[in-house]
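Engineer:
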Amino acid sequence: MSVFVHQIACQVPQYPYDQDTLRQKMLQWLAPDRRTARIINRIYKESGIQTRYSVLPDTGITLGLSDGPCEKTAGTGHRNALYTESARRLYVDVSRQVLAECRDIGPEQITHLITVSCTGFFNPGPDYEIIRQVPLNPTVQRFHIGFMGCYGAFPAMRLAQSICQADPGACVLIVDVELCSLHLQIQSDLNSILGGALFADGAAALLVNSQSPNPAKPALELNHFSTTLLPNSETDMAWTIGDHGFEMILSPQVPRLIEANLLDVLHPSLQQWGHSVSDIHHWAVHPGGKAILDRIEALLMLEDQLTISRSVLRDYGNMSSVTILFVLQMLLNQTAQSTQEPILAMAFGPGLTMEMGLLHKVSSAPLKVSTHSKAQRTSESCVSTGDKLQ
(Lines of atoms letter the chains of each structure in order from A; the text may use other names.)
(Lines give C-alpha, C1' and ligand atoms only; values in the text may rest on other atoms or scores of the structure.)
Protein backbone atom coordinates (compact mmCIF):
# COMPACT_ATOMS: atom_id res chain seq x y z
CA MET A 282 0.00 0.00 0.00
CA SER A 283 1.34 3.42 -0.98
CA VAL A 284 1.71 6.07 1.73
CA PHE A 285 2.14 9.77 0.95
CA VAL A 286 3.33 12.97 2.58
CA HIS A 287 0.74 15.45 1.30
CA GLN A 288 2.01 18.63 2.94
CA ILE A 289 5.07 19.91 4.79
CA ALA A 290 5.06 23.19 6.73
CA CYS A 291 8.17 24.79 8.20
CA GLN A 292 8.67 27.60 10.71
CA VAL A 293 11.55 29.38 12.39
CA PRO A 294 11.38 31.67 15.45
CA GLN A 295 11.39 35.39 14.83
CA TYR A 296 14.94 36.16 16.00
CA PRO A 297 17.53 35.87 13.20
CA TYR A 298 21.27 35.93 13.85
CA ASP A 299 23.95 36.65 11.29
CA GLN A 300 26.73 34.09 11.51
CA ASP A 301 29.50 36.67 11.53
CA THR A 302 27.78 38.56 14.34
CA LEU A 303 27.62 35.33 16.34
CA ARG A 304 31.32 34.74 15.65
CA GLN A 305 32.16 38.16 17.06
CA LYS A 306 29.93 37.58 20.09
CA MET A 307 31.63 34.26 20.81
CA LEU A 308 35.05 35.94 20.68
CA GLN A 309 33.74 38.62 23.04
CA TRP A 310 32.20 36.11 25.47
CA LEU A 311 35.20 33.78 25.60
CA ALA A 312 38.07 36.30 25.33
CA PRO A 313 40.14 33.35 24.07
CA ASP A 314 43.86 32.98 23.58
CA ARG A 315 45.22 33.38 20.04
CA ARG A 316 45.01 29.69 19.19
CA THR A 317 41.39 29.36 20.32
CA ALA A 318 40.49 32.61 18.53
CA ARG A 319 41.93 31.20 15.29
CA ILE A 320 39.87 28.02 15.74
CA ILE A 321 36.68 30.01 16.35
CA ASN A 322 37.28 32.25 13.34
CA ARG A 323 37.99 29.31 11.04
CA ILE A 324 35.00 27.21 12.15
CA TYR A 325 32.50 30.07 11.87
CA LYS A 326 33.84 31.43 8.57
CA GLU A 327 34.00 27.99 6.93
CA SER A 328 30.65 26.75 8.26
CA GLY A 329 28.65 27.47 5.11
CA ILE A 330 26.10 29.25 7.32
CA GLN A 331 24.94 32.85 6.89
CA THR A 332 21.88 33.01 9.17
CA ARG A 333 20.40 31.07 12.08
CA TYR A 334 17.25 31.57 14.13
CA SER A 335 16.62 31.33 17.88
CA VAL A 336 13.69 31.65 20.28
CA LEU A 337 15.97 33.92 22.31
CA PRO A 338 16.18 37.65 21.53
CA ASP A 339 19.57 39.32 21.41
CA THR A 340 19.25 40.44 25.02
CA GLY A 341 18.62 36.86 26.11
CA ILE A 342 21.03 34.88 23.96
CA THR A 343 23.16 34.26 27.06
CA LEU A 344 20.03 33.05 28.88
CA GLY A 345 19.77 36.17 31.01
CA LEU A 346 23.23 35.83 32.54
CA SER A 347 26.18 38.19 32.35
CA ASP A 348 28.46 37.76 29.34
CA GLY A 349 31.29 35.30 29.41
CA PRO A 350 32.11 31.82 30.64
CA CYS A 351 29.57 32.00 33.50
CA GLU A 352 27.04 31.03 30.80
CA LYS A 353 27.78 27.46 31.86
CA THR A 354 26.06 28.16 35.19
CA ALA A 355 22.65 28.30 33.47
CA GLY A 356 21.06 25.14 34.83
CA THR A 357 19.30 22.47 32.84
CA GLY A 358 16.03 23.23 34.63
CA HIS A 359 16.16 26.88 33.56
CA ARG A 360 16.96 25.96 29.97
CA ASN A 361 14.19 23.35 29.87
CA ALA A 362 11.69 25.86 31.27
CA LEU A 363 12.52 28.14 28.33
CA TYR A 364 12.09 25.16 26.01
CA THR A 365 8.67 24.38 27.48
CA GLU A 366 7.47 27.97 27.09
CA SER A 367 8.64 28.36 23.49
CA ALA A 368 8.12 24.83 22.16
CA ARG A 369 4.48 24.76 23.25
CA ARG A 370 3.68 27.61 20.93
CA LEU A 371 5.77 26.39 18.01
CA TYR A 372 4.23 22.91 18.12
CA VAL A 373 0.74 24.40 17.93
CA ASP A 374 1.57 27.08 15.36
CA VAL A 375 3.25 24.78 12.85
CA SER A 376 0.44 22.21 13.28
CA ARG A 377 -2.14 24.85 12.43
CA GLN A 378 -0.01 26.00 9.51
CA VAL A 379 0.28 22.59 7.85
CA LEU A 380 -3.47 21.98 8.20
CA ALA A 381 -4.26 25.43 6.80
CA GLU A 382 -1.99 24.83 3.80
CA CYS A 383 -3.47 21.39 3.01
CA ARG A 384 -7.07 21.92 1.96
CA ASP A 385 -7.64 18.18 1.48
CA ILE A 386 -7.10 17.23 5.15
CA GLY A 387 -8.85 18.80 8.12
CA PRO A 388 -8.12 18.57 11.86
CA GLU A 389 -11.09 16.24 12.34
CA GLN A 390 -9.44 13.65 10.04
CA ILE A 391 -6.26 13.24 12.13
CA THR A 392 -6.17 9.82 13.80
CA HIS A 393 -2.54 9.64 14.94
CA LEU A 394 -0.08 12.26 16.21
CA ILE A 395 3.71 11.82 16.31
CA THR A 396 5.82 14.49 18.02
CA VAL A 397 9.59 14.71 17.72
CA SER A 398 12.27 16.55 19.71
CA CYS A 399 15.66 15.99 21.30
CA THR A 400 16.11 19.44 22.86
CA GLY A 401 13.65 19.40 25.75
CA PHE A 402 10.88 17.63 27.65
CA PHE A 403 7.60 18.46 29.36
CA ASN A 404 4.51 16.47 30.29
CA PRO A 405 1.63 16.88 29.62
CA GLY A 406 3.62 17.28 26.47
CA PRO A 407 3.44 18.78 23.00
CA ASP A 408 0.90 16.15 21.98
CA TYR A 409 -1.47 17.45 24.66
CA GLU A 410 -0.94 21.08 23.57
CA ILE A 411 -1.62 20.24 19.90
CA ILE A 412 -4.78 18.26 20.65
CA ARG A 413 -6.20 20.92 22.97
CA GLN A 414 -5.27 24.04 21.01
CA VAL A 415 -5.42 23.15 17.29
CA PRO A 416 -7.76 21.38 18.27
CA LEU A 417 -7.77 17.67 17.38
CA ASN A 418 -10.03 14.85 18.52
CA PRO A 419 -9.11 13.85 22.10
CA THR A 420 -9.08 10.19 21.01
CA VAL A 421 -6.14 10.74 18.63
CA GLN A 422 -3.42 8.14 19.26
CA ARG A 423 -0.15 9.78 20.36
CA PHE A 424 3.53 8.88 20.03
CA HIS A 425 6.72 10.77 20.90
CA ILE A 426 10.13 10.30 19.26
CA GLY A 427 12.47 11.73 21.90
CA PHE A 428 16.18 12.44 22.27
CA MET A 429 17.27 10.58 19.12
CA GLY A 430 19.18 13.53 17.65
CA CYS A 431 19.49 14.73 14.07
CA TYR A 432 17.95 11.62 12.52
CA GLY A 433 14.74 11.71 14.60
CA ALA A 434 12.49 12.62 11.66
CA PHE A 435 13.24 9.28 9.99
CA PRO A 436 11.78 7.05 12.74
CA ALA A 437 8.77 9.39 12.74
CA MET A 438 8.21 8.96 8.99
CA ARG A 439 8.80 5.22 9.23
CA LEU A 440 6.26 4.95 12.07
CA ALA A 441 3.72 7.00 10.10
CA GLN A 442 4.20 4.72 7.10
CA SER A 443 3.64 1.60 9.24
CA ILE A 444 0.50 3.08 10.81
CA CYS A 445 -1.00 3.94 7.42
CA GLN A 446 -0.12 0.56 5.93
CA ALA A 447 -1.79 -1.20 8.87
CA ASP A 448 -4.86 1.06 8.83
CA PRO A 449 -5.89 2.47 5.42
CA GLY A 450 -8.15 4.98 7.18
CA ALA A 451 -5.36 6.47 9.29
CA CYS A 452 -4.20 10.06 8.89
CA VAL A 453 -0.98 10.97 10.70
CA LEU A 454 0.25 14.39 11.78
CA ILE A 455 4.00 14.55 12.47
CA VAL A 456 5.25 17.64 14.34
CA ASP A 457 8.96 18.22 14.99
CA VAL A 458 10.38 21.10 17.08
CA GLU A 459 14.05 21.58 17.98
CA LEU A 460 15.35 24.50 20.07
CA CYS A 461 19.08 23.84 19.97
CA SER A 462 20.06 27.41 20.87
CA LEU A 463 18.82 26.88 24.43
CA HIS A 464 21.76 24.54 25.04
CA LEU A 465 24.47 26.96 23.93
CA GLN A 466 27.68 26.29 25.87
CA ILE A 467 30.01 29.29 25.97
CA GLN A 468 33.18 27.34 26.63
CA SER A 469 36.47 26.99 24.80
CA ASP A 470 36.53 23.22 24.21
CA LEU A 471 36.12 22.08 20.61
CA ASN A 472 32.75 20.38 21.17
CA SER A 473 31.25 23.60 22.53
CA ILE A 474 32.75 25.72 19.75
CA LEU A 475 31.45 23.38 17.02
CA GLY A 476 28.00 23.21 18.59
CA GLY A 477 27.85 26.96 19.01
CA ALA A 478 28.77 27.48 15.35
CA LEU A 479 26.29 25.02 13.82
CA PHE A 480 23.03 24.58 15.70
CA ALA A 481 19.80 26.58 15.51
CA ASP A 482 16.04 26.45 16.13
CA GLY A 483 13.21 25.38 13.83
CA ALA A 484 9.93 23.51 13.50
CA ALA A 485 8.18 21.43 10.85
CA ALA A 486 4.96 19.46 10.43
CA LEU A 487 3.86 16.79 7.94
CA LEU A 488 0.52 15.27 6.95
CA VAL A 489 0.68 11.58 6.00
CA ASN A 490 -1.95 9.08 4.82
CA SER A 491 -2.57 6.42 2.19
CA GLN A 492 -5.05 8.41 0.11
CA SER A 493 -4.13 9.21 -3.49
CA PRO A 494 -2.60 12.69 -3.81
CA ASN A 495 -4.52 15.65 -5.15
CA PRO A 496 -3.68 15.79 -8.90
CA ALA A 497 -3.25 19.55 -8.62
CA LYS A 498 -0.24 19.34 -6.29
CA PRO A 499 2.80 17.08 -5.82
CA ALA A 500 3.28 14.69 -2.91
CA LEU A 501 6.07 12.53 -1.50
CA GLU A 502 5.53 8.78 -1.56
CA LEU A 503 7.23 7.00 1.35
CA ASN A 504 8.75 3.80 -0.08
CA HIS A 505 11.57 2.26 1.97
CA PHE A 506 13.65 3.06 5.06
CA SER A 507 16.84 1.64 6.55
CA THR A 508 18.89 2.30 9.68
CA THR A 509 22.49 1.34 10.42
CA LEU A 510 24.94 1.78 13.28
CA LEU A 511 28.42 2.57 12.00
CA PRO A 512 31.26 0.58 13.62
CA ASN A 513 33.64 2.08 16.18
CA SER A 514 31.95 5.48 16.23
CA GLU A 515 29.85 5.67 19.41
CA THR A 516 32.23 8.17 21.04
CA ASP A 517 32.33 10.53 18.04
CA MET A 518 28.79 11.85 18.34
CA ALA A 519 26.71 11.82 21.51
CA TRP A 520 23.99 13.90 23.19
CA THR A 521 23.80 13.83 26.97
CA ILE A 522 21.90 15.66 29.73
CA GLY A 523 24.29 17.64 31.90
CA ASP A 524 23.79 19.90 34.89
CA HIS A 525 24.09 22.99 32.68
CA GLY A 526 22.04 22.00 29.65
CA PHE A 527 22.23 19.22 27.10
CA GLU A 528 25.81 18.58 26.03
CA MET A 529 26.93 17.67 22.53
CA ILE A 530 29.93 15.49 21.78
CA LEU A 531 30.80 16.17 18.15
CA SER A 532 34.13 14.85 16.93
CA PRO A 533 35.85 16.46 13.92
CA GLN A 534 36.14 12.87 12.64
CA VAL A 535 32.40 12.60 11.92
CA PRO A 536 32.63 13.68 8.23
CA ARG A 537 35.46 11.20 7.65
CA LEU A 538 33.55 8.38 9.36
CA ILE A 539 30.47 9.04 7.24
CA GLU A 540 32.58 9.09 4.08
CA ALA A 541 34.38 5.86 5.02
CA ASN A 542 31.15 3.93 5.65
CA LEU A 543 28.59 5.48 3.30
CA LEU A 544 29.04 3.23 0.26
CA ASP A 545 28.89 0.07 2.37
CA VAL A 546 25.50 1.22 3.66
CA LEU A 547 24.11 2.92 0.55
CA HIS A 548 24.71 0.33 -2.17
CA PRO A 549 23.11 -2.67 -0.38
CA SER A 550 20.08 -0.57 0.53
CA LEU A 551 19.59 0.73 -3.00
CA GLN A 552 20.09 -2.75 -4.43
CA GLN A 553 17.48 -4.16 -2.06
CA TRP A 554 15.08 -1.42 -3.16
CA GLY A 555 15.74 -2.05 -6.87
CA HIS A 556 17.69 1.13 -7.54
CA SER A 557 21.23 2.38 -8.14
CA VAL A 558 22.91 5.72 -7.48
CA SER A 559 22.31 6.80 -11.08
CA ASP A 560 18.54 6.34 -10.65
CA ILE A 561 18.24 8.98 -7.93
CA HIS A 562 16.78 12.30 -9.11
CA HIS A 563 17.24 14.20 -5.86
CA TRP A 564 19.52 13.81 -2.84
CA ALA A 565 17.99 15.06 0.41
CA VAL A 566 21.02 14.97 2.71
CA HIS A 567 20.80 16.28 6.27
CA PRO A 568 23.19 19.27 6.25
CA GLY A 569 24.85 18.46 9.54
CA GLY A 570 27.80 20.56 8.44
CA LYS A 571 29.54 21.78 5.29
CA ALA A 572 32.30 19.16 5.56
CA ILE A 573 29.73 16.34 5.57
CA LEU A 574 28.08 17.68 2.42
CA ASP A 575 31.45 18.21 0.71
CA ARG A 576 32.59 14.64 1.37
CA ILE A 577 29.29 13.04 0.31
CA GLU A 578 29.15 15.13 -2.84
CA ALA A 579 32.70 14.17 -3.82
CA LEU A 580 32.28 10.49 -2.92
CA LEU A 581 29.08 10.04 -4.94
CA MET A 582 30.14 12.48 -7.70
CA LEU A 583 26.89 14.40 -7.32
CA GLU A 584 28.03 17.63 -8.96
CA ASP A 585 25.42 20.24 -7.90
CA GLN A 586 22.79 17.83 -6.54
CA LEU A 587 23.18 18.99 -2.93
CA THR A 588 22.15 22.56 -3.73
CA ILE A 589 19.04 22.42 -1.55
CA SER A 590 20.86 20.89 1.43
CA ARG A 591 23.48 23.63 1.16
CA SER A 592 20.88 26.39 0.92
CA VAL A 593 19.09 25.11 4.04
CA LEU A 594 22.41 25.03 5.90
CA ARG A 595 23.22 28.53 4.65
CA ASP A 596 19.89 30.10 5.57
CA TYR A 597 18.99 28.21 8.78
CA GLY A 598 21.98 26.25 10.12
CA ASN A 599 21.66 22.77 11.63
CA MET A 600 18.25 22.51 13.31
CA SER A 601 18.84 18.89 14.37
CA SER A 602 16.00 16.54 13.31
CA VAL A 603 13.95 19.37 11.78
CA THR A 604 16.59 20.16 9.14
CA ILE A 605 15.89 17.27 6.78
CA LEU A 606 12.21 18.26 6.73
CA PHE A 607 13.18 21.73 5.48
CA VAL A 608 15.13 20.01 2.68
CA LEU A 609 12.18 17.76 1.79
CA GLN A 610 9.79 20.71 1.82
CA MET A 611 11.94 22.58 -0.68
CA LEU A 612 12.11 19.50 -2.91
CA LEU A 613 8.34 19.11 -2.71
CA ASN A 614 7.81 22.74 -3.69
CA GLN A 615 10.14 22.65 -6.69
CA THR A 616 8.62 22.51 -10.16
CA ALA A 617 8.38 18.84 -11.15
CA GLN A 618 10.50 17.48 -14.00
CA SER A 619 8.69 14.15 -14.33
CA THR A 620 5.75 12.29 -12.81
CA GLN A 621 7.99 10.08 -10.64
CA GLU A 622 11.23 11.50 -9.23
CA PRO A 623 13.22 9.19 -6.88
CA ILE A 624 14.61 10.91 -3.76
CA LEU A 625 17.29 9.44 -1.50
CA ALA A 626 17.08 11.05 1.93
CA MET A 627 19.67 10.51 4.66
CA ALA A 628 20.59 11.81 8.10
CA PHE A 629 23.16 11.05 10.76
CA GLY A 630 23.11 11.16 14.55
CA PRO A 631 24.45 9.75 17.79
CA GLY A 632 25.82 6.27 17.58
CA LEU A 633 26.90 7.04 14.82
CA THR A 634 23.51 6.21 13.36
CA MET A 635 22.87 6.50 9.62
CA GLU A 636 19.23 6.67 8.51
CA MET A 637 18.15 6.48 4.87
CA GLY A 638 14.85 6.65 3.07
CA LEU A 639 13.77 6.14 -0.53
CA LEU A 640 10.91 8.45 -1.49
CA HIS A 641 9.32 9.42 -4.77
CA LYS A 642 8.03 12.85 -5.63
CA VAL A 643 4.81 12.17 -7.53
CA SER A 644 3.26 14.77 -9.82
CA SER A 645 0.54 14.61 -12.45
CA ALA A 646 1.57 17.48 -14.72
CA PRO A 647 5.37 17.95 -14.79
CA LEU A 648 7.11 20.83 -16.49
CA LYS A 649 10.53 20.33 -18.02
CA VAL A 650 12.48 23.16 -16.45
CA SER A 651 15.79 23.57 -14.68
CA THR A 652 15.37 23.82 -10.90
CA HIS A 653 18.89 24.48 -9.66
CA SER A 654 18.61 28.28 -9.71
CA LYS A 655 15.17 28.12 -8.08
CA ALA A 656 16.51 26.05 -5.21
CA GLN A 657 18.75 28.94 -4.27
CA ARG A 658 15.70 31.19 -3.78
CA THR A 659 13.00 29.01 -2.25
CA SER A 660 14.04 28.89 1.39
CA GLU A 661 12.66 32.31 2.23
CA SER A 662 9.33 31.71 0.48
CA CYS A 663 8.68 28.25 1.97
CA VAL A 664 9.31 28.95 5.64
CA SER A 665 7.19 31.01 8.02
CA THR A 666 8.78 33.12 10.71
CA GLY A 667 7.02 32.61 14.03
CA ASP A 668 5.58 35.35 16.17
CA LYS A 669 7.43 36.46 19.25
CA LEU A 670 7.81 33.48 21.55
CA GLN A 671 9.18 35.04 24.70
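Be aware that the sequence shown starts at 282, since it is given in my numbering, and climbs by one per residue.
Even for Gly, the Cβ is constructed at its ideal location relative to N, Cα and C.
If Gln-586 sits next to Trp-554, beta carbons under 8 Å apart, how far is it from one beta carbon to the other, in whole angstroms?
Structural biologist: Not really, about 19 Å apart at Cβ, beyond 8 Å.
Engineer: What residues are listed by DSSP as bridge partners for Gln-292?
Structural biologist: Ala-484 and Ser-665
Engineer: Report back the beta-carbon spacing between Ile-539 and Phe-629 to the nearest angstrom; my notes put them in contact at under 8 Å.
Structural biologist: 6 Å
Engineer: Quick check on Ser-507: does DSSP put it in helix, strand or coil?
Structural biologist: DSSP, reduced to helix, strand and coil, places Ser-507 within a strand of the structure shown.
Engineer: Grab the span of the beta strand (DSSP E) containing Cys-452 for me, first residue to last.
Structural biologist: 452 to 460
Engineer: Assign Gln-621 to one of three DSSP states: helix, strand, or coil.
Structural biologist: strand
Engineer: Leaving aside the five residues before and after Gln-292 along the sequence, list all residues of the same chain whose C-beta is less than 8 Å from its C-beta, in chain order.
Structural biologist: Leu-371, Asp-374, Val-375, Gln-378, Gly-483, Ala-484, Ala-485, Val-664, Ser-665, Thr-666 and Gly-667
Engineer: With three or more beta-carbon pairs closer than 8 Å as the criterion, would you say the stretch 510 to 530 touches the stretch 459 to 478?
Structural biologist: By the criterion of at least three beta-carbon pairs nearer than 8 Å, the stretch 510 to 530 is in contact with the stretch 459 to 478.
Engineer: Looking only at its own chain, which residues have a Cβ that is under 7 Å from the Cβ of Thr-302, when we skip the five neighbours before and after it?
Structural biologist: none
Engineer: Are Ala-434 and Asp-408 closer than 7 Å when you measure CB to CB?
Structural biologist: No. Outside cutoff.
Engineer: Taking three-plus beta-carbon pairs below 8 Å as touching, is the stretch 412 to 429 in contact with the stretch 379 to 393?
Structural biologist: yes
Engineer: Considering only residues of the same chain and omitting the five flanking positions on each side of Phe-506, which have a CB-CB separation below 6 Å?
Structural biologist: Arg-439 and Gly-638
Engineer: Measuring alpha carbon to alpha carbon, tell me which residue in Gly-401, Asp-339, Gly-523 and Pro-533 is nearest Thr-516.
Structural biologist: Selected option, being the one with the closest Cα: Pro-533.
Engineer: Measure from the alpha carbon of Ser-644 to the alpha carbon of each residue in Asp-596, Thr-634 and Pro-623, then state which is nearest.
Structural biologist: Pro-623
Engineer: Hey, would you say Trp-520 sits closer than 7 Å to Pro-436, going by beta carbons?
Structural biologist: No. Outside cutoff.
Engineer: Rounding to the nearest angstrom, what Cα-Cα distance links Leu-551 and Val-608 in this structure?
Structural biologist: The C-alpha of Leu-551 lies about 21 Å from the C-alpha of Val-608.
Engineer: Can you grab the Cα-Cα spacing for the pair Gly-406 / Glu-578, in whole Å?
Structural biologist: 39 Å
Engineer: Kindly indicate if chain D contains any beta-carbon less than 7 Å away from that of Ile-577.
Structural biologist: In the displayed structure, chain D is absent; only one protein chain is listed.
Engineer: Quick one: is His-567 buried, meaning 16 or more other Cβ sit within 10 Å of its Cβ, or exposed?
Structural biologist: By the C-beta density criterion, His-567 is buried, having at least 16 other C-beta atoms within 10 angstroms.
Engineer: The alpha helix (DSSP H) spanning Thr-588 covers which residue range?
Structural biologist: 588 to 597
Engineer: Do Val-294 and Val-336 have their C-beta atoms within less than 7 Å of each other?
Structural biologist: Note on residue identity: the sequence assigns Pro, not Val, to residue 294. Against a cut-off of 7 Å, the Cβ pair of Val-336 and Pro-294 comes out as a contact.
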